[in-house]
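Taking our numbering, the leading residue of the sequence shown gets 1164, the next gets one more, and so forth.
Take a look at the structure below.
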Amino acid sequence: MNLNNLKPAPGSVKSRKRIGRGPGSGMGGTSTRGHKGAKSRSGYSKKRGFEGGQMPLQRRLPKFGFTNINRVEYKAINLETLQALAESKSYKLINRDVLLQAGFISATQKVKILAKGSLSAKLQVIADAFSAPAVKAIEAAGGKAQLTSEFQAPEKTETKTIEE
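Have a look at this one:
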């Protein structure tokens, strides 16, 4: 057997349709597109979701919900992650900078500490938010949970008095 003796299996190679090349082919004239109308013209494409004039599903279904512009999103960090950090790098203080350097958060993300896993290391943890069980677990291990807002100086607000 040589390469020049090989031939494809019967029925595996089909000749391509030659459309619009005369009536003898059976696909001349209208070139399988029917008579007139947008579908017979070049460049035709119907809208996504178009159902032939019937009200499309996307418009039949009701709208719901909204996006709250005041939503605060937190990156969840679990106690097991803090424990792993404490064991690997022997940290005593864990804050945004430590988590950022370790690659757990990006520079703009806020951090919330959650209680998944166990914590045995005595740590001072500073984050934007804590779950109640996480605070209990940190304090039970002899550590301290502090909110980031406690480290920011409160803004001065002057009250103006109206004199008549």
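For each residue, glycine too, the CB sits at the ideal point set by N, CA and C.
Here the C-alpha atom of LEU1277 lies approximately 10 angstroms from the C-alpha atom of LEU1245. LEU1286 counts as buried, since at least 16 other C-beta atoms from the protein chains shown sit within 10 angstroms of its C-beta. At a Cβ-Cβ threshold of 8 angstroms, ALA1290 and THR1311 count as neighbours. CA-CA distance, GLU1250 to LEU1262, rounds to 14 angstroms. Sequence-distant partners of TYR1207 (beyond 5 residues in either direction) whose C-beta falls short of 6 angstroms from its own C-beta, in its chain, are ALA1201.
In the DSSP assignment, LYS1299 falls within the unbroken alpha helix (DSSP H) covering 1295 to 1303. When THR1230, PHE1293 and GLY1189 are compared, the shortest CA-CA separation from LYS1238 is found for PHE1293.
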